[in-house]
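Residue numbers (the working numbering): 158 to 589.
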């Protein structure tokens, strides 16, 4: 069977929906091909027994006016959103420490505070002649050796699946607070310190999980669900799409993809070796989300927290029920833990013991309060900024452009884009 669709978009995540909205705004038709049975992509969610869990943690702190307008409209205005004032915490050596740790050292022992502060004071200055060549050097220059080795570099291994020396620094941006000497010393003497997290307020939909922010766009878009692209022929402008019911050849005039670049390249034949080599060097994190449904509301009051202890597998923990009470049945609560690793590195029992079991050991939750747990896996999480990322992704994207395939979003641009930036990436496509 063969059909013609003038404008085809691959993927109904935030980027793909943004592109669809751009077409709609110009009065043009397009169709999204989506392998899942719903929209949202990595920003989607799932529901079990009345408990809603996002696929990894998502909240909005966007400063992009067009994105915020679409989010606001989709939620039905202010009444459909919940505003949160960020107050994240950390777990280190079984202690709760305010985030970011570097200027909230108060819970540490006096000995460890001195080690952190002494190294912070004696760190060399970053100059044009003393520029860091990798993320590890950047961390040492910013925070001193002790803090870098015991906090940041440990967390890097847990979250990025790499040693800090293997990463570039361009992605850091405003994500890391760089305190003054006065702030570090003051934060070692008292817990009464201001919140210095880079986002001052965050928003989340009251109903339906994070993907509700783009629900209106999805409802206005032509989306073919449960359909997987298995091959693309740019020469004759066709894609082969397989669903449960049939296999269809779609001819197109314009093809826009938000799919991960390695997945997209596998759909093409006769790709030059140099492009395949570049594609094989592109790396992204992957990992498990371990979801916990609880019959009590007795959980830590923090929406999310980072975990530095290496005996706890998760890099961070967050609460869907704090993001919105409508994510759980009345009187209940929920937590979700993220473990970044290759699929199959741990058995399910190892994952549960190293995450849920650790929360029980720390008396953060009680085993008798657990209604159920769920383990899910995401093949693509974040783009990893390896040493050759810029050269490799340029080779891949230039090749795709040369055969008439446009790429958008976190995985199409292969960049560290937040959800609002991914939506904006789709919105910014040129309408010919």
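In this text, a Cβ means the ideal position worked out from N, Cα and C, and glycines have one as well.
Check this for me: beta carbons of residue 239 and residue 481, under 8 Å apart or not? Reading the chain shown from its first residue, position 82 is the one you call residue 239. Reading the chain shown from its first residue, position 324 is the one you call residue 481. Yes; because the gap between Cβ atoms is below 8 Å, this pair is in contact.
Which residue from 574, 546, 583 puts its Cα closest to that of residue 563? Here residue 563 refers to the residue found at position 406 of the chain shown. Ranking 574, 546, 583 by Cα distance to residue 563 puts 583 first.
Return the CA-CA distance between residue 320 and residue 470, expressed in angstroms with no decimal places. Against the chain shown, residue 320 aligns to sequence position 163. Against the chain shown, residue 470 aligns to sequence position 313. So the two alpha carbons sit approximately 16 Å from each other.
Using 10 angstroms around the beta-carbon of residue 372, count the other beta-carbons present and answer buried if the total reaches 16, otherwise exposed. Start at 1 with the first residue of the chain shown, and residue 372 comes out as number 215. Residue 372 is buried by the Cβ-count criterion.
Assign residue 504 to one of two classes, buried (16 or more other C-beta atoms within 10 Å of its C-beta) or exposed (fewer than that). Position 347 of the chain shown, counted from the first residue, corresponds to residue 504. Label assigned to residue 504: exposed.
Within 10 angstroms of the Cβ of residue 492, are there 16 or more other Cβ atoms? Answer buried if so, exposed if not. To locate residue 492, count along the chain shown from 1; it is residue 335. The residue is buried, with at least 16 neighbouring Cβ atoms inside 10 Å.
Pick helix, strand or coil for residue 295, following the three-state DSSP scheme. Here residue 295 refers to the residue found at position 138 of the chain shown. DSSP places residue 295 in helix when its eight states are reduced to three.
With three or more beta-carbon pairs closer than 8 Å as the criterion, would you say the region 505-520 touches the region 390-406? The way I'd put it, the region 505-520 doesn't touch the region 390-406; fewer than three beta-carbon pairs between them come closer than 8 Å.
Environment of residue 424 [buried if 16+ CB atoms lie within 10 Å]: For the purposes of this step, residue 424 is taken as the residue at position 267 of the chain shown. Buried: at least 16 other Cβ atoms inside 10 Å.
Quick one: measure Cβ to Cβ for residue 325 and residue 298, integer angstroms, because I've assumed they're closer than 8 Å. Sequence index remark: in the chain shown, residue 325 carries index 168 (1-based). Sequence index remark: in the chain shown, residue 298 carries index 141 (1-based). Not confirmed; about 15 Å, so no contact.
Give me the residue from 201, 223, 191 with the minimum Cα distance to residue 178. In the chain shown, the residue the question calls residue 178 occupies position 21. Considering only alpha carbons, the answer is 223.
Length at least 3, wholly inside the region 289-355: the beta strand (DSSP E) runs in chain order: none
Note the first and the last residue of the continuous beta strand (DSSP E) segment covering residue 388. Looking up residue 388 in the chain shown gives position 231. Residue 388 -> beta strand (DSSP E) spans 384-390.
If distances are taken between C-alpha atoms only, which option among 378, 375, 540, 316 comes closest to residue 567? Within the chain shown, the letter at position 410 stands for residue 567. When only C-alpha atoms are compared, the closest one is 540.
Beta-bridge pairing of residue 590 - partner residues as DSSP gives them: This structure leaves residue 590 out entirely; the chain is present only between 158 and 589.
Would you mind stating whether residue 259 and residue 300 have Cβ atoms separated by less than 8 Å? As a first step, residue 259 must be located in the chain shown, where it is residue number 102. As a first step, residue 300 must be located in the chain shown, where it is residue number 143. A contact, by the Cβ cut-off of 8 Å.
Using DSSP with H/G/I as helix, E/B as strand and the rest coil, what is residue 247? Counting from one through the chain shown, the residue named residue 247 turns up at place 90. In this structure, residue 247 counts as strand in the three-state DSSP scheme.
Residue 578: first and last residue of the uninterrupted alpha helix (DSSP H) it sits in: Position 421 of the chain shown, counted from the start, is the residue given in the question as residue 578. Bounds of the alpha helix (DSSP H) holding residue 578 are 576-584.
Residue 452 vs residue 516 beta-carbon contact at 8 Å: Along the chain shown, one-based indexing puts residue 452 at 295. Along the chain shown, one-based indexing puts residue 516 at 359. For residue 452 and residue 516, no; Cβs fall outside 8 Å.
Taking the alpha helix (DSSP H) that residue 548 falls in, what are its first and last residues? For this step, residue 548 is matched to residue 391 along the chain shown. Per DSSP, residue 548 belongs to the alpha helix (DSSP H) from 546-559.
Host alpha helix (DSSP H) of residue 412 (start-end): The sequence position of residue 412 within the chain shown is 255, counting from 1. In the DSSP assignment, residue 412 falls outside any alpha helix (DSSP H) and within the unbroken beta strand (DSSP E) covering 404-414.
Look up residue 475 in the DSSP assignment and give the residues it is bridged to. Residue numbering aside, residue 475 sits at position 318 when the chain shown is read from its first letter. Answer is 461, 493.
Quick check: the region 548-557 against the region 427-440, are at least 3 beta-carbon pairs closer than 8 Å? yes
Helix, strand or coil for residue 195 per DSSP? Against the chain shown, residue 195 aligns to sequence position 38. Secondary structure at residue 195: coil, using DSSP grouped into helix, strand and coil.
Classify residue 253 as helix, strand or coil using the three-state DSSP reduction. In the chain shown, the residue the question calls residue 253 occupies position 96. Annotated three-state conformation of residue 253 is strand, per DSSP.
Counting pairs of Cβ atoms below 8 Å between the region 443-451 and the region 167-176, do you hit three or more? no
Using only CA atoms, which one of 513, 345, 586 lies nearest to residue 526? As a first step, residue 526 must be located in the chain shown, where it is residue number 369. Considering only alpha carbons, the answer is 513.
Residue(s) in a DSSP beta bridge with residue 217: Position 60 of the chain shown holds residue 217. Residue 217 pairs with 360.
Does residue 401 come out as helix, strand or coil in the three-state DSSP assignment? Here residue 401 refers to the residue found at position 244 of the chain shown. Coil.
Would you give the residue range spanned by the alpha helix (DSSP H) that residue 436 belongs to? One-based indexing of the chain shown puts residue 436 at position 279. Annotation for residue 436: the continuous alpha helix (DSSP H) segment containing it runs 430-438.
Could you tell me which residues DSSP pairs with residue 228 in its beta bridges? Looking up residue 228 in the chain shown gives position 71. Residue 228 is not bridged to any residue.
Coarse secondary structure for residue 395, derived from DSSP in three states: Taking the first residue of the chain shown as position 1, residue 395 is located at position 238. Looking at residue 395 - three-state DSSP - the assignment turns out to be strand.
Less than 8 Å between C-beta atoms, sequence neighbours within five positions excluded: which residues of the same chain meet that for residue 545? The residue you call residue 545 lines up with position 388 of the chain shown. Excluding positions up to five away in sequence, the list reads 438.
Straight-line Cα distance separating residue 477 from residue 378: In the chain shown, counting from the first residue as 1, residue 378 sits at position 221. In the chain shown, counting from the first residue as 1, residue 477 sits at position 320. Their Cα atoms are separated by approximately 28 Å.
In the DSSP output, which residue or residues are listed as bridge partners for residue 602? This structure leaves residue 602 out entirely; the chain is present only between 158 and 589.
Residue nearest to residue 574 in terms of C-alpha spacing, selected from 158, 348, 163, 172: Against the chain shown, residue 574 aligns to sequence position 417. When each option's Cα is compared against that of residue 574, the closest is 172.
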